[in-house]
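Asks:
2 protein chains.
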Amino acid sequence: MERIRNHMYAPERQQEILRLAQESGRVDVLSLAEEFQVTAETVRRDLKALDRAGLLRRVHGGAIPAGRLGFEPDLAERDTVAADEKDRIAATALGELPVDGNVIIDAGTTTARLAASLPLDSALTVVTHALPVAARLADHPGIALHLVGGRVRHRTRAAVDAWALSAYAEINADVVLLATNGFSAEGGLTTPDLAEAAVKRAMISAARRVVLLADSGKFGQEHFARFGDLSHVDLLITDTGLSPEDALAIESRGTEVVRA
Amino acid sequence: MERIRNHMYAPERQQEILRLAQESGRVDVLSLAEEFQVTAETVRRDLKALDRAGLLRRVHGGAIPAGRLGFEPDLAERDTVAADEKDRIAATALGELPVDGNVIIDAGTTTARLAASLPLDSALTVVTHALPVAARLADHPGIALHLVGGRVRHRTRAAVDAWALSAYAEINADVVLLATNGFSAEGGLTTPDLAEAAVKRAMISAARRVVLLADSGKFGQEHFARFGDLSHVDLLITDTGLSPEDALAIESRGTEVVRA
DNA sequence: CGTCCTTTGACCGAATCTGTTTACATTCCA
DNA sequence: TGGAATGTAAACAGATTCGGTCAAAGGACG
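As they're listed, the protein sequences go chains A and B. Counting along the first sequence from 1, when you hit position 89 you're at 89 in full-length UniProt numbering, and nothing is skipped either side. Counting along the second sequence from 1, when you hit position 92 you're at 92 in full-length UniProt numbering, and nothing is skipped either side.
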């Protein structure tokens, strides 16, 4: 880690604290004071300001990122699984976006990363039912964001059910960036939740081109709810963990495969 | 002061300051004054101009290139205005929530703070079109969150337009926690944006009881779009900055007033 | 040449930031 | 139960910085 400067402006320090918090899931007052060479009081003031701005949540001894509280290790944990692969997949998927069109973005850690890394000069219309994706794009100046409503599932922070289904039924998008929990040639595309599966089906129907983002760890997995087949997918972006043979097998069925 | 060989005009100097800031990520007043052989006051004027133009973000002691700070200045900044009053208003509003019913929560810094301070043992059904509110409630274990979709306005991070209107038209809630940019006996309830005003009207229609959360700084203000009258409001929660006379005048028209 | 106007410097009270101190709440252990 | 240990909150102090006003300097222009 880079050694700290002898002096940082308060907003810089707060920004860095926020980054650390989101990265590690938790920060504590004393470590931050040591890290930035300021007193604990100053750190507390920073945390208070960030808390007031709604970006962090203050807890005894430190703070945790707003959104996730202690009782949901899922999201924080999953976000570190195959992180490199997901970053490469997200970067590759950026190239599949139209320069000036409509994109539907599914819920998922990979798609959330992609949303966060959209270049500032992008000019897209984005539709999503995923809160983490929406939160990252809401202040992106070039993007027209349309939020799909519905009942919000705690686990994935994505909207499902009637409102979501009817919203997707109303639109036609150039491309959908889809995520899945499992995929295979025989098992198709599967996810643990029926309601989410229904939304994914609606997304597929609403887009002319279907791009699936899935790291190789998902290959061969089958979950409870099936929402489609690989034949519905125009392009699969995965990582090199998928063997060339498996990739070929998939491509022989008409789905283009990119191993990032 | 003796003439310096390379005298610069103000626009040139500002251009150079901007370049330096973008190059090194930060500039400070004193160094710039030294660098350009002018007084710190002049540098401050330059930074002020650049800040107003949106090219730089002014901080205590210097400036940072715009965009380098991830979080929206709007949100962080506005949130410090009348922060104490808003905290008290939010705390008071907590007492107005049903123990086990349906609540609509409007967009706004006060309502966002209320959402963040909902006790963990709450068991409510919450409907909102505000991303900041949704983000705070998405992982609250006791709350069933329903997201209202629509086009997302950058400034407020709230959904508006057709999807939002039709969603609110479908529901009946026990109470709506409403926010506003301006309120007065004659001017009614006003906000700068027509689309947001339409959503607010829909929210009012969808709830049996209307609770307005507004700090006293909003009193007497009138903005472009009017979305209702104080007569639509069952309860106004504000702070002690509202004079008792004004409070009485409002109460005489049938709206209960609480000055937190 | 005089006048207007912009830019800059200088001054001073107000505001901000940070550190220090003190008081207080909570947890944990003897 | 008492009392460290830890973390928090509030009040104060010192230093720095900010913002507004006023006046001087230097061009632009009739």
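The beta-carbon is built from N, C-alpha and C at its ideal position, and this holds for glycine as well.
As a quick exercise: from A/ARG209, A/ASP229, A/ALA93, pick the residue whose alpha carbon is nearest that of A/ASN172.
Replies: Start at 1 with the first residue of the first sequence, and residue 172 of chain A comes out as number 172. Ranking the options by Cα distance to A/ASN172, first place goes to A/ARG209.
Asks: Quick check on B/GLY150: does DSSP put it in helix, strand or coil?
Replies: As a first step, residue 150 of chain B must be located in the second sequence, where it is residue number 150. In the structure shown, B/GLY150 sits in a strand (DSSP, three-state: E or B).
Asks: In its own chain, which residues sit with a C-beta less than 7 Å from the C-beta of A/LEU32, not counting the 5 before and 5 after it?
Replies: One-based indexing of the first sequence puts residue 32 of chain A at position 32. Excluding positions up to five away in sequence, the list reads ILE17, VAL43.
Asks: In chain B, which residues lie less than 9 Å from A/ALA235 when you measure between Cβ atoms?
Replies: Indexing the first sequence from 1 puts residue 235 of chain A at position 235. As written in the sequence, residue 235 of chain A is Leu, which differs from the Ala given in the question. Those do not exist, as A/LEU235 stays about 27 Å from chain B at its closest Cβ, beyond 9 Å.
Asks: Pair every Cβ in the region 135 to 143 of chain A with every Cβ in the region 196 to 213 of chain A, then say whether three or more of these pairs are closer than 8 Å.
Replies: The region 135 to 143 of chain A is not in contact with the region 196 to 213 of chain A.
Asks: For A/ASP28, write down the residues that DSSP places opposite it in a beta bridge.
Replies: Counting from 1 along the first sequence, the entry for residue 28 of chain A is found at position 28. For A/ASP28, which the question treats as bridged, DSSP gives the partners A/GLY62.
Asks: DSSP on A/PHE224, reduced to helix/strand/coil?
Replies: Walking along the first sequence from the start, residue 224 of chain A turns up at place 224. A/PHE224: coil per DSSP, three-state reduction.
Asks: Alpha carbons only, please: which of A/SER184, A/GLU196, A/GLN14 is nearest the one belonging to A/ALA225?
Replies: Counted from its first residue, the first sequence places residue 225 of chain A at position 225. Of the candidates A/SER184, A/GLU196, A/GLN14, the one whose C-alpha sits nearest the C-alpha of A/ALA225 is A/GLU196.
Asks: Pull up the DSSP beta-bridge partners for A/ARG145, would you.
Replies: Within the first sequence, residue 145 of chain A is the residue found at index 145, counting from 1. Correcting the residue type first, residue 145 of chain A is Leu in the shown sequence and not Arg. In the DSSP output, where bridge partners are listed per residue, A/LEU145 has A/VAL126.
Asks: Report the rounded CA-to-CA distance for B/ARG5 versus B/ASP46, giving the unit in angstroms.
Replies: Residue mapping note: residue 5 of chain B aligns to position 5 of the second sequence, counting from 1. Residue mapping note: residue 46 of chain B aligns to position 46 of the second sequence, counting from 1. Because the pLDDT of B/ARG5 is 34, which lies under 50, any placement of that residue in the model is unreliable, and the question is left without a value.
Asks: I'd like the list of long-range same chain contacts for B/VAL103, defined as Cβ closer than 8 Å, with 5 residues on each side in sequence excluded.
Replies: Walking along the second sequence from the start, residue 103 of chain B turns up at place 103. Here the set comprises LEU97, LEU124, THR125, VAL126, VAL127, ALA173, ASP174, VAL175, VAL176, LEU177.
Asks: Please report the distance separating the alpha-carbon of B/GLY150 from that of A/GLY149.
Replies: Taking the second sequence and counting its residues from 1, the one referred to as residue 150 of chain B is at position 150. Taking the first sequence and counting its residues from 1, the one referred to as residue 149 of chain A is at position 149. Computed Cα separation, rounded: 8 Å.
Asks: Along chain B, in chain order, which residues have C-beta atoms closer than 8 Å to that of A/LYS11?
Replies: Residue numbering aside, residue 11 of chain A sits at position 11 when the first sequence is read from its first letter. Note on residue identity: the sequence assigns Pro, not Lys, to residue 11 of chain A. Under the 8 Å cutoff, chain B gives ARG57, VAL59, ILE64, LEU69.
Asks: Across the region 233 to 241 of chain A and the region 87 to 97 of chain A, are there enough close Cβ pairs to call them in contact, namely three or more that are closer than 8 Å?
Replies: With a cut-off of 8 Å, the region 87 to 97 of chain A and the region 233 to 241 of chain A count as touching, because enough Cβ pairs lie within range.
Asks: With distance defined between alpha-carbon atoms, name the residue in A/GLY101, A/GLN22, A/ASP87, A/VAL81 nearest to A/GLY62.
Replies: As a working mapping, residue 62 of chain A is identified with position 62 in the first sequence. Of A/GLY101, A/GLN22, A/ASP87, A/VAL81, the residue nearest in Cα terms is A/GLN22.
Asks: Would you tell me roughly how many angstroms separate the C-alpha atoms of A/ALA169 and A/VAL160, rounded to the nearest one?
Replies: For the purposes of this step, residue 169 of chain A is taken as residue 169 along the first sequence, with counting starting at 1. For the purposes of this step, residue 160 of chain A is taken as residue 160 along the first sequence, with counting starting at 1. Rounded to whole angstroms, A/ALA169 to A/VAL160 spans 13 Å at the Cα level.
Asks: Could you tell me which residues DSSP pairs with B/ARG57 in its beta bridges?
Replies: Locating residue 57 of chain B in the second sequence gives position 57, where the first residue counts as 1. Beta-bridge pairing links B/ARG57 to B/ILE64.
Asks: Am I right that A/VAL133 and A/ALA115 are in contact with their C-beta atoms under 8 Å? What's the rounded C-beta distance?
Replies: Position 133 of the first sequence, counting from 1, holds the residue named residue 133 of chain A. Position 115 of the first sequence, counting from 1, holds the residue named residue 115 of chain A. That pair is a contact at about 5 Å.
Asks: Short of 7 Å Cβ to Cβ, which residues in the region 145 to 178 of chain B face chain A?
Replies: Per Cβ criterion, the list reads LEU145, HIS146, LEU147, VAL148, GLY149, GLY150, ARG151, VAL152, HIS154, ARG157, ALA159, TRP163, ALA167.
Asks: I think A/GLY142 touches A/LEU120, with their Cβ atoms under 8 Å apart; what is that distance to the nearest whole Å?
Replies: Your numbering for residue 142 of chain A matches position 142 in the first sequence. Your numbering for residue 120 of chain A matches position 120 in the first sequence. Yes, they are in contact, since the Cβ atoms of A/GLY142 and A/LEU120 sit about 7 Å apart, within 8 Å.
Asks: Using a cut-off of 8 Å between C-beta atoms, extract the partners of B/ALA134 located in chain A.
Replies: As a working note, residue 134 of chain B is residue 134 in the second sequence. Under the 8 Å cutoff, chain A gives LEU131, VAL152.
Asks: Assuming the contact rule is C-beta atoms closer than 8 Å, A/ALA247 and B/VAL59 should be a hit. Round their C-beta distance to whole Å, please.
Replies: By 1-based counting over the first sequence, the position of residue 247 of chain A is 247. By 1-based counting over the second sequence, the position of residue 59 of chain B is 59. Incorrect: roughly 50 Å between the Cβ atoms, too far for contact.
Asks: Cβ of B/ALA53 less than 7 Å from any chain A Cβ?
Replies: Looking up residue 53 of chain B in the second sequence gives position 53. No, B/ALA53 lies away from the interface with chain A (no Cβ there is under 7 Å from its Cβ).
Asks: Considering only DSSP beta bridges, list what A/ILE104 is partnered with.
Replies: For the purposes of this step, residue 104 of chain A is identified with residue 104 of the first sequence, where counting begins at 1. Note: A/ILE104 sits in a beta bridge opposite A/VAL127, A/VAL176.
Asks: Whose Cβ in chain B lies nearer than 7 Å to the Cβ of A/ALA198?
Replies: Here the question's residue 198 of chain A lines up with position 198 in the first sequence. Residues of chain B passing the Cβ test: none, with the nearest at roughly 16 Å.
Asks: Using the beta-carbon of each residue, which ones in chain A are nearer than 8 Å to B/THR225?
Replies: Your numbering for residue 225 of chain B matches position 225 in the second sequence. Checking the sequence shown, residue 225 of chain B turns out to be Ala, not Thr. Per Cβ cutoff of 8 Å: no residues; B/ALA225 is ~21 Å from chain A at best.
Asks: For A/SER184, report the span of its beta strand (DSSP E) as first-last.
Replies: Within the first sequence, numbered from 1, the residue matching residue 184 of chain A stands at position 184. Residues 182 to 184.
Asks: Where does A/ILE89 sit, in a helix, a strand or coil, going by DSSP?
Replies: Numbered from its first residue, the first sequence carries residue 89 of chain A at position 89. Helix, per DSSP.
Asks: So what's A/GLY217 in DSSP terms, helix, strand or just coil?
Replies: Taking the first sequence and counting its residues from 1, the one referred to as residue 217 of chain A is at position 217. Note: A/GLY217 maps to helix in three-state DSSP.
Asks: Per DSSP, what are the beta-bridge partners of B/GLU256 in this structure?
Replies: For this step, residue 256 of chain B is matched to residue 256 along the second sequence. Answer by DSSP bridge pairing, in chain order: B/LEU235.
Asks: Use the C-beta contact count for A/PRO65: other C-beta atoms within 10 angstroms, 16 or more gives buried, fewer gives exposed.
Replies: Translated into positions along the first sequence, residue 65 of chain A becomes position 65. The residue in question, A/PRO65, is buried, as its Cβ has 16 or more Cβ neighbours within 10 Å.
Asks: Quick check: the Cα distance between B/ALA214 and B/GLU222, rounded to an integer number of angstroms?
Replies: What you label residue 214 of chain B is simply residue 214 of the second sequence in a count that begins at 1. What you label residue 222 of chain B is simply residue 222 of the second sequence in a count that begins at 1. If I take the Cα positions, the gap works out to 13 Å.
Asks: Drop a sphere of 10 angstroms on the beta-carbon of A/THR254, count the other beta-carbons inside from all chains shown, and report buried for 16 or more, exposed for fewer.
Replies: Stepping through the first sequence from its first residue, residue 254 of chain A is reached at position 254. The displayed chain sequence assigns Gly, not Thr, to residue 254 of chain A. The residue is exposed, with fewer than 16 neighbouring Cβ atoms inside 10 Å.
Asks: If I measure Cβ to Cβ from A/ALA40 and keep anything under 8 Å in the same chain, skipping five residues before and after, which residues do I get?
Replies: Position 40 of the first sequence, counted from the first residue, corresponds to residue 40 of chain A. The answer, listed in chain order, is VAL29, LEU30, ALA33.
Asks: Can the beta-carbon of A/ALA107 be found less than 7 Å from the beta-carbon of A/THR156?
Replies: Along the first sequence, one-based indexing puts residue 107 of chain A at 107. Along the first sequence, one-based indexing puts residue 156 of chain A at 156. Yes, they are a contact pair.
Asks: Please report the distance separating the alpha-carbon of A/SER117 from that of A/THR110.
Replies: Locating residue 117 of chain A in the first sequence gives position 117, counting from the first residue. Locating residue 110 of chain A in the first sequence gives position 110, counting from the first residue. Approximately 11 Å between the Cα atoms of the pair.
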